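So the number in this note's numbering is just where the residue sits in the sequence shown, counting from 1, plus 773. Glycine included, C-beta positions come from ideal geometry on N, C-alpha and C. Model, not experiment: these values are computed from the prediction.
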Amino acid sequence: MALIVMKFGGTSVANVERIKNVARHVKREVDAGNRVAVVVSAMSGATNQLVSWVREASLLHDAREYDAVVASGEQVTAGILAICLQSIGVSARSWQGWQIPILTDNAHGAARIKDIDGRKLLARLNDGEVAVVTGFQGIEPERQRLATLGRGGSDTSAVALAIALKADLCDIYTDVDGIYTTDPRIVPKARRLSKISYEEMLEMASLGSKVLQTRSVELAMVYKMRTRVLSSFTAPDAMQATSPETWGEIGTIVCSEDEIVEQQVVSGIAYAKDEAKVTLLKIEDKPGVAASVFGPLAEANVNVDMIVQNLSSDGKHTDMTFTVQEAELPRALEVLKGVQKEIGYFDVKSSADVVKVSVIGVGMRSHAGVAAMMFKALAAKGINILAITTSEIKISVLIDANYSELAVRTLHSLYGLDKE
Ligand code: ASP
Ligand code: MG
């Protein structure tokens, strides 16, 4: 029998009724003889509420107290689920991060897990008790303070715990039944992928598909933890208990590339709406200019993504365009205003009405012409490309937000991803 980690996200535990449903999923696994550690998120909306109370109290708050407050959401869910399990005859207890312990660094609000000592927990699992673990939190050992892992961090808790316990697999239960070739709300013909490689999932996660926290995919990739995304809304008794033989039958498995037999050239199309574009007009065309633009932005913690610098027509001046997260646009503009004299640009223009559309696939490494095909198809629809970036396994273009749906649909069928 297997040792499994089951993680349930906010919508899966949104109220006590749903937590009872989760308990039935867990019971199914226990009845089949699996050893189970469960990781839970806060009830949906709870973390947002806690964050807003902290902000209301003070905009400039102590990060350790922020963590003390926002970590409480998961504690509620863990306790309630343990109660629900006990009441259907499943032996269970809740575990908070510090009790295991899950040790983190001291970057409060966005801490990283440094170590998990799984021994105590494992001993209880071996005795047949289900462990219900609070996601999203750990303890910073030096000051002995609670620390949280950043929004969406329960996914990372689950994968990290699975690694620490040497689990056979990590099941992430959510409100969708897997990873799709693109957003099914935009493209009804989107298909569920039965498998996706870690690398592709990483691109998808960081490019706006919000199913898994990026950090959790990085961890799974480094430790080769086989992770599956599946829906908690499937009736608990309509599903087979998890076993290494049958767990490829539902959901999407995130795994190594070589486990995927029929690899497509392109596996998915992602899009990100929270992008903003900044253009600096007439900056001097001389060595050191890029450094003087991006240095101050980096110092102000503004992440820059795509960068395009035009050719200089007069040999003296040029224009430069780059993108930042929409939420960081005001800060970026403020920083640029502060250094206008130093950089010596004439004017700055910005717009948040842009989206980044990306084509992702490990098959691109060995196939030429994927980009050319993309540009041609977009041109045929009259879609203008504002900026381009590429990596080994993805091509991203920045376009006018009005065209985002058309672009995603066009590319989805272009690369043969539509379901019949
Ligand atoms: N409750 C936390 C959040 O809403 C962590 C998580 O759900 O993954 O961000
Ligand atoms: Mg999540």
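Within the segment 1057-1100, the beta strand (DSSP E) runs of at least 3 residues that lie entirely inside it are, in chain order, 1077-1082 and 1090-1098.
K1167 is a Cβ neighbour of I1133, given a cutoff of 7 Å.
The C-beta of H1140 has fewer than 16 other C-beta atoms within 10 Å across all chains shown, which makes the residue exposed. At the C-beta level, V778 and A884 stay beyond 7 Å of one another.
By the beta-carbon neighbour count (other beta carbons within 10 angstroms, threshold 16), M774 is exposed. Inter-residue distance for G1041 and E915 is about 43 Å (C-alpha atoms, whole angstroms). Distance from V1002 to T947 at the Cβ level is roughly 6 Å; contact confirmed, criterion being Cβ atoms closer than 8 Å. Rounded to whole angstroms, V843 and A830 show a C-alpha spacing of 13 Å.
The beta carbons of K780 and I889 sit about 14 Å from each other, so the pair does not count as a contact at 8 Å.
Bounds of any beta strand (DSSP E) do not take in Q1113; it lies within the alpha helix (DSSP H) bounded by Q1113 to I1116. Per DSSP, reduced to three states, the secondary structure at A810 is strand. Closest in alpha carbon position to D804, among A931, R965, Y839 and D1010, is D1010. Counted as a single uninterrupted DSSP element, the alpha helix (DSSP H) harbouring G852 occupies residues S845 to S860. The three-state reading of DSSP puts G911 in strand, counting E and B together. C1028 places its beta carbon 7 Å or farther from that of R988.
Counting other Cβ atoms within 10 Å of its Cβ, H834 stays below 16 and is therefore classed as exposed. In this structure, V903 keeps its C-beta atom at 7 Å or more from the C-beta atom of V932. By the 16-neighbour rule on beta-carbons within 10 angstroms, F1095 is buried. Here the distance from the Cβ of A1105 to the nearest heavy atom of the ligand ASP is not below 6 Å. Inter-residue distance for V1077 and D1126 is about 17 Å (C-alpha atoms, whole angstroms).
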